[in-house]
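What follows is a set of notes on a single structure, which appears directly below.
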Amino acid sequence: MINENKIREVCSSNRERGFKMLMDSFQMPIYNYIRRLVVSHEDAEDVLQEVFIRVFRHIDQFREESSLSTWMYRIATNESLRLLNSRKDEGVVSAEDVREELMGKLKASDYIDYENELAVKFQEAILSLPEKQRLVFNLRYYDELEYEEIARVLDSKVDTLKVNYHYAKEKIKEYILNR
1 MINENKIREV CSSNRERGFK MLMDSFQMPI YNYIRRLVVS HEDAEDVLQE
51 VFIRVFRHID QFREESSLST WMYRIATNES LRLLNSRKDE GVVSAEDVRE
101 ELMGKLKASD YIDYENELAV KFQEAILSLP EKQRLVFNLR YYDELEYEEI
151 ARVLDSKVDT LKVNYHYAKE KIKEYILNR
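Put into structure tokens, the structure is as follows:
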């Protein structure tokens, strides 16, 4: 278990050492979360780097209104969405076009085992979800965050998130059974 209090304590006395502890503790879970959102390893690494740059620059402004991990997931979410939205802005493409691009990247990556047909369908089903449902599903299913923490990450109401998660599960089930 990550001791966030210890990390904050070390950050306040030795910023570089505390930041290294923070990176050691959060790099893989945050990378995995970003990777599920942006799909491509290269994009995930770029976003992860941007997340840690923002965290390093603003760690002294962290107000402890939430956990350190919640704050970092929120930054990772914002940076991931910024990347995906920039694609929409650059080419004036639709959300559907971005989804298609992500599906293409999924098929071109070694992210999943292509021998496992169900795993492939599962990942495609997740990518087919609307953005909000995909975010909620990833945070709940993979990162195993409680709804209250997801609410702080996404700045949303718990009841809304529960509905989004329910719809996401139903759409995933429908996708897997009917495609």
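The numbers in full-length UniProt numbering rise by one with no breaks, and the one at position 12 of the sequence shown is 12.
Using N, Cα and C, we set each Cβ at its ideal position, and we do this for glycine too.
None of these values were measured; they are calculated from a predicted model.
When we look at the beta-carbon of residue i and count the other beta-carbons within 10 Å, is it buried (16 or more) or exposed?
| i | result |
| --- | --- |
| ARG15 | exposed |
| GLU64 | exposed |
| residue 185 | It is not possible to answer for residue 185, since the shown part of the chain is limited to 1 through 179. |
| ASN164 | buried |
| MET28 | exposed |
| VAL158 | exposed |
| LEU145 | buried |
| ILE75 | buried |
| ILE53 | exposed |
| LEU127 | buried |
Short check: CB of residue i to CB of residue j, under 8 Å?
| i | j | result |
| --- | --- | --- |
| ARG152 | SER66 | yes |
| GLU131 | MET103 | no |
| VAL120 | ALA168 | no |
| TYR142 | ARG35 | no |
| ILE30 | VAL10 | no |
| LEU48 | GLU4 | no |
| PHE19 | PHE56 | yes |
CB-CB under 7 Å to residue i, same chain, minus the five flanking residues each way: which ones, in chain order?
| i | result |
| --- | --- |
| ILE150 | VAL136, LEU139, ARG140, LEU161 |
| LEU83 | VAL38, ASP43, VAL47 |
Going along the chain, which residues of its own chain have a beta-carbon closer than 8 Å to the beta-carbon of residue i, five neighbours each way excluded?
| i | result |
| --- | --- |
| GLN133 | ASN164, TYR165, TYR167, ALA168, LYS171 |
| residue 227 | This structure cannot settle anything about residue 227, because the visible part of the chain is limited to 1 through 179. |
| MET1 | The pLDDT assigned to MET1 is 46, lower than 50, so where the model puts this residue is not dependable; a value taken from the coordinates is nonetheless given after this. Excluding positions up to five away in sequence, the list is empty. |
| LYS6 | MET21 |
Between residue i and the rest of its own chain, which residues show a CB-CB distance below 6 Å, the 5 nearest in sequence each way excluded?
| i | result |
| --- | --- |
| ILE176 | LYS121, ALA125 |
| THR70 | GLU149, ARG152, VAL153 |
| SER12 | none |
Contiguous alpha helix (DSSP H) assignments of at least 4 residues, all confined to the region 110-163: 117-128, 131-137, 147-154
For the region 16-24 and the region 37-48, state whether three or more C-beta atom pairs, one from each stretch, are separated by less than 8 Å. no
Enumerated in chain order, which unbroken segments of the beta strand (DSSP E) with a length of 3 residues or greater are wholly contained in the region 12-49? none
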